[in-house]
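First up is the structure itself, then whatever we jot down about it.
Residue numbers (my numbering), protein chains in the order written: chain F, 6 to 317; chain E, 3 to 527.
Pasting the structure below:
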């Protein structure tokens, strides 16, 4: 049952991806700006500009360029980066793990921060802990993530020496250690939203009949909190994290810049500014697939956590 | 050299963070000369830079980071001297020029070897230089346009024959694009070679992670005995200005490329760090599109140039680290005329020019501004205010930097910010792009201003064919005077290259073309 559902959803990835490539292609091509002229800068002689247009296929009308792009795509070829002059697939493969790991750290960090805070807040609504958590949340939403990142670097890396000062490191342990601060920064940026929703979900759970019944039977405060509040609220947490994957991915763009991480976000920004069309199209496609897969994972996790939910 | 787009955006980040961690320190340091004793061998230099390396193929690169990295791997026959005003023998020890000025015979240095140990021969030189103009899409193909043929009569002799007498040839040959590779990629395929490129230069590539870092290791066969001192150089890509500074302060990098001008004074007061300021070949200016009214009127252009308070701009944008520009050529270059009459601030003269112009009561116009390019945004506001007293109403048009380039080159602007530099130690490249109009020079319509003065074109072409240094200088002086009087551009300022460097680094010098010879750098332990 579940497997059939997953298979059906996976098939739906294809039309979504196609729609996204269409949108991405036309938006980046219709925006003014010529990659050949930027590549050559003030050494843009008319002959070289024309030669680059021909070599990069930019002298065809846009629908023809789209057709050529889709033709290459169906043969499994994402094309060549105009600026790097190496394969787009290669660029994406080398940078995708960085972004995925960062997202994983961010999600894990967000949960680790939000759940205890939400529990503390929901335990006694409008109590001191609750007020404090809500205040911190409001401040948190106001802090720009690049500022938070820089402050974390200064305090924990520069002065305390616990972490490297940005960068990605040069070995697997180095990579994993370098991602802690950036992951924490993204987690902090999404935590206020998560805490709020978790808190509300937990309060609702704790006000329900079955909890009142459990208390009447003599179950202790903490046991009730953890067993009922947490389990039910985790469903909300999963949904909120999943739906906000777009926000999370967007958040990584700025963080990759601050922490000098060679991820897809920074490559995307650079390529849009450079009008490196094949790279922009390739990354948009990958992001679209990631988002759709995360939605699928969210729904599946939801079904696994809540036995009442029937998928399909 | 092209401007990097993302670093312009990253320059908009906070400098509060940097200020917060500056410690009380020693007296401010100025451009340093190394008096720290004999060079020590060994060590790894981590060089944090503001943008990524796109390619290491010298015939394909236009961005600074790629160029300056490739120059430590591949070397040319002749190279620029540190002051940027003359050329010195490098892979060639000498040359002779035939009486008809068409045949240049270069004698190669003996004992030069590639990083594999293979000796440098004339075949390598012919292979490399012919590659530069092999494809129409090669960005610097134009630099070798005068070359008719290259022959190799023996292992140590290269003969370059030009199509016409061409005085800038030596400077052209010294360009980074003409750096020498092993012939036929040393037996590898082109793709294999450029995955781990090597040349005769002080370093070769050990590892290259795009977007992250390029790791260079010492070339054990390097022809300058005893050099390089460093064992390793790592170029890292750290686009955020604050983060680069923090890495320098935390010891994770020893050189920070281009800290913001606003951070210079605070960095100078940080212990363990010195700020090195080097003259550059860069001239910043305001361009006028003479195909749009009323910029065809020289009085309008002169009036606007008179109204620009360059000292105020230098203070606002460069925090005092710059000088007002009086010529299209920078003082760091051979050929610069110190008495070039580039118009300077004089509001009374501005009003007089306006009175003589076709629009004495002023007019409305637009100024193209690179959105996110902090300097341009500040300068635009200053200029808008400074032109008001003349009755000129300026509307700012912010566009992203890529669109900005396209619109300038397509002539879709009234006024715009632009700048020029040179890649070679000769005024010819710069003049052929920026001063020659119509179908002459590089056909870029005097850097897209649509200025067209046949007299200037004739002087420029004459300077290309004349071999007497003093005669060429006289011609370039005439050109500078003419374009300054014609106010083709409103020259703004000359700005330097700024590097924040650990006090452990010695021998680091940046040439006016922006490049550095890392074989001279050493770290004290």
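Glycine is no exception: its CB is placed at the ideal position from the N, C-alpha and C atoms.
Predicted, not measured: the structure shown is a model, and the values here were computed from it.
Helix, strand or coil: how does DSSP classify residue 33 of chain E here? With a pLDDT of only 42 at residue 33 of chain E, under 50, the local geometry of the prediction cannot be trusted, and no value is derived from it.
Using 8 Å as the limit for Cβ to Cβ distance, is residue 90 of chain F near chain E? yes
Contact set for residue 444 of chain E: own chain, Cβ-Cβ below 8 Å, skip 5 residues either direction: 144, 434, 435 and 438
Report the residue from E:86, E:215, E:233 and E:176 whose alpha carbon sits nearest the alpha carbon of residue 46 of chain E. Considering only E:86, E:215, E:233 and E:176, the residue with the shortest C-alpha distance to residue 46 of chain E is E:233.
Tell me which residues of the region 235-247 of chain F have at least one Cβ-Cβ distance to chain E shorter than 7 Å, keeping chain order. Residues: none.
Look up residue 151 of chain E in the DSSP assignment and give the residues it is bridged to. E:163
Counting along the chain, where does the beta strand (DSSP E) carrying residue 289 of chain E start and finish? 285-290
Pop quiz: residue 384 of chain E and residue 314 of chain E are said to be a contact at Cβ under 8 Å. What is the actual Cβ separation, rounded to whole angstroms? 7 Å
Sorted by chain position, which residues of the same chain lie with C-beta nearer than 7 Å to residue 232 of chain F's C-beta, five sequence neighbours on each side aside? So no residue of the chain qualifies.
Answer with buried or exposed for residue 118 of chain F, where buried requires no fewer than 16 other C-beta atoms within 10 angstroms of its C-beta. It counts as buried.
For the region 43-72 of chain F, enumerate the residues whose C-beta is nearer than 9 Å to any C-beta of chain E, in chain order. 43, 44, 45, 46, 47, 48, 49, 50, 51, 52, 53, 54, 55, 56, 57, 59, 60 and 61
Residues of chain E with CB under 7 Å from residue 37 of chain F, in chain order? 405 and 408
Under the rule that 16 or more other beta-carbon atoms within 10 Å means buried, what is residue 412 of chain E, buried or exposed? exposed
Using a Cβ-Cβ cut-off of 8 Å, state whether residue 25 of chain E counts as contacting chain F. For residue 25 of chain E, the pLDDT reaches just 38, beneath the cut-off of 50, and the residue's location in the model is therefore unreliable, leaving the point undetermined.
Taking only the alpha-carbon atoms, compute the straight-line gap between residue 328 of chain E and residue 382 of chain E and give it to the nearest angstrom. 20 Å
DSSP state of residue 180 of chain E, grouped into three classes? helix
Taking 8 Å as the CB-CB cut-off, is residue 422 of chain E touching chain F? yes
What is the rounded straight-line gap between the Cα of residue 463 of chain E and the Cα of residue 518 of chain E? Rounded to the nearest angstrom, the two C-alpha atoms are 31 Å apart.
Quick one: using the 10 Å Cβ neighbour count with 16 as the cut-off for buried, is residue 13 of chain F buried or exposed? Result: exposed.
When the Cα of residue 26 of chain F is compared with those of F:133, F:290, F:303 and F:124, which residue comes out closest? Selection F:133, F:290, F:303 and F:124 evaluated against residue 26 of chain F yields F:290 as nearest (Cα-Cα).
Would a C-beta distance cut-off of 8 Å place residue 399 of chain E and residue 432 of chain E closer than the cut-off? no
Can you find a C-beta in chain E that's less than 8 Å from the C-beta of residue 285 of chain F? No, its Cβ sits nowhere closer than 8 Å to a Cβ of chain E.
Take the Cβ of residue 16 of chain F as the centre, count every other Cβ of all protein chains shown within 10 Å, and call the residue buried at 16 or more, exposed below. exposed
Is any beta-carbon of chain F found at less than 8 Å from that of residue 202 of chain E? With 8 Å as the cut-off, residue 202 of chain E does not count as an interface residue toward chain F.
Just to confirm, is the Cβ distance from residue 172 of chain E to residue 80 of chain E under 8 Å? yes
Among F:135, F:198 and F:106, whose alpha-carbon lies nearest the alpha-carbon of residue 187 of chain F? Closest option to residue 187 of chain F, Cα to Cα, is F:106.
Indicate whether the contact test is met: 3 or more Cβ pairs, each with one atom in the region 157-175 of chain F and one in the region 185-205 of chain F, closer than 8 Å. They touch, by the three-pair rule.
Output the boundary residues of the beta strand (DSSP E) element that contains residue 132 of chain E. Segment 124-134 is the alpha helix (DSSP H) holding residue 132 of chain E; no beta strand (DSSP E) there.
Measuring alpha carbon to alpha carbon, tell me which residue in E:141, E:54 and E:66 is nearest residue 50 of chain F. E:141
Going by alpha carbons, who is nearest to residue 497 of chain E out of E:287, E:85, E:297 and E:345? Proximity to residue 497 of chain E across E:287, E:85, E:297 and E:345 peaks at E:287, based on C-alpha coordinates.
Excluding five sequence neighbours on each side, which residues of the same chain lie with their C-beta closer than 8 Å to the C-beta of residue 33 of chain F? Excluding positions up to five away in sequence, the list reads 277, 280, 282, 285 and 286.
Counting pairs of Cβ atoms below 8 Å between the region 358-373 of chain E and the region 497-511 of chain E, do you hit three or more? no
Anticipated Cβ contact below 8 Å, residue 420 of chain E with residue 289 of chain E, distance rounded: Sure, about 5 Å apart at Cβ, within 8 Å.
Chain F beta carbons: is any one of them nearer than 8 Å to that of residue 446 of chain E? So, interface residue.
Please check if any C-beta of chain F sits within less than 8 Å of the C-beta of residue 58 of chain E. no
Cβ closer than 9 Å: which chain F residues qualify as neighbours of residue 144 of chain E? 48, 50, 52 and 53
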